[in-house]
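Novice: Input: one structure, supplied below.
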Amino acid sequence: MSKDRSALPRLAAERLSSAVVSDVLDDLGHRDHVLDPAIRPLGDGAVIAGWANPFLVTEVDEIPAEPYTGEIAALDDIAPDDMVLIGAGGSARAAVWGELFSTAARARGARGTLIDGYCRDARSITALGYPVWCRGTLPLDCKGRTAVTAWRQPAVIGGLQVRPGDLVVADDDGVVVVPAELAEETIRRALAKASKEHGLRDALEAGSTLRAAYDRFGVL
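Quick look at the structure:
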């Protein structure tokens, strides 16, 4: 595997799944690594991976003189291969993400957005092809209801502490967060495990018993 960390999101998205990455983190003794399973993909949850850029969202009670200040600054700071994770604490006060935010994030090179809360413009986001995971949808605008107060800062997302630069892998099964210091070893081991799983699957399709296939490849 390449020593270049920048290749890790691509390798994870093209060759792995959240389940395989989760299994490897278990083997490494890091067993608390998934977001709340209520956070689901808007459409088809194709495998995506990127570096965590946590946004912190808080509820507010009035429309500021200059609305969307935090949202604009945070979105304009997105870097290629970022995965935007929005720590809204599950708030149903408003949709904290929508079509225009998705358009801006995609143009900046973001891999996707994972929301511990709600979004809107679901049909438009799906048509855009920008990956979004969330707790559900709401038509309510965030203006005067919620505000982005920080970004690229550690945050609790879906019950899990996430740090900037952690590696995030998401698909239909859910969202796995790999600590930055374990990212390279995790992806290396996950690629090896995925290869063994392919071999076991081929053996089963060729008529092998599960016992014999497991004894040969050592994975399930």
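So the number in this note's numbering is just where the residue sits in the sequence shown, counting from 1, plus 9. Ideal Cβ placement from N, Cα and C applies to all residues, glycine included. Just so it is clear, the structure is predicted and the values come from calculations on it, not from any experiment.
Confirm, please, whether the CB-CB distance from Asp125 to Gly96 is below 8 Å.
Specialist: The residue given as residue 96 occupies position 87 in the sequence shown. The residue given as residue 125 occupies position 116 in the sequence shown. Against a cut-off of 8 Å, the Cβ pair of Asp125 and Gly96 comes out as a contact.
Novice: Residues in the same chain with beta-carbon distance under 7 Å from Ala74, minus the five sequence neighbours each way, listed in chain order, please.
Specialist: As a position in the sequence shown, residue 74 is number 65, starting the count at 1. Closer than 7 Å at the Cβ level, and outside the excluded window around Ala74, lies no residue.
Novice: Could you check if Ala61 belongs to the surroundings of the ligand FMN, using beta carbon to heavy atom distance under 7 Å?
Specialist: Absence of the ligand FMN from the depicted structure is noted, as is the absence of any ligand whatsoever, leaving it without description.
Novice: How big is the Cα-Cα spacing for Ser11 and Val184?
Specialist: To locate residue 11, count along the sequence shown from 1; it is residue 2. To locate residue 184, count along the sequence shown from 1; it is residue 175. Caution applies to Ser11, whose pLDDT of 46 falls short of 50 and renders its modelled position unreliable; the model cannot decide the point.
Novice: May I ask which residues mark the beginning and end of the beta strand (DSSP E) holding Glu71?
Specialist: The sequence position of residue 71 within the sequence shown is 62, counting from 1. Neither: Glu71 is in no beta strand (DSSP E) and is coded neither H nor E.
Novice: In this structure, how does DSSP classify Leu34 when only helix, strand and coil are distinguished?
Specialist: Translated into the one-based positions of the sequence shown, residue 34 becomes position 25. Here Leu34 sits in helix by DSSP.
Novice: Leu229 to Val186, Cα distance in whole Å?
Specialist: The count along the sequence shown starts at 1 and reaches residue 229 at position 220. The count along the sequence shown starts at 1 and reaches residue 186 at position 177. Near 21 Å, if we compare the C-alpha coordinates of Val186 and Leu229.
Novice: Can you tell me whether Gly138 is buried or exposed, with buried defined as 16 or more other CB within 10 angstroms of its CB?
Specialist: Along the sequence shown, read from residue 1 onward, the residue named residue 138 stands at position 129. Exposed, because fewer than 16 other Cβ atoms sit within 10 Å of the Cβ of Gly138.
Novice: Kindly indicate which residue of Leu176, Ile72 and Gly54 has the alpha-carbon position closest to the one of Thr195.
Specialist: Sequence index remark: in the sequence shown, residue 195 carries index 186 (1-based). The residue with the shortest Cα to Cα distance from Thr195 is Leu176.
Novice: Kindly indicate which residue of Lys202, Gly208, Ala131 and Asp211 has the alpha-carbon position closest to the one of Ser27.
Specialist: Within the sequence shown, residue 27 is the residue found at index 18, counting from 1. Comparing Cα positions, the closest option is Lys202.
Novice: So, is Gly227 buried or exposed, given that buried needs 16 or more other C-beta atoms within 10 angstroms?
Specialist: One-based indexing of the sequence shown puts residue 227 at position 218. By the 10 Å Cβ count, Gly227 comes out exposed.
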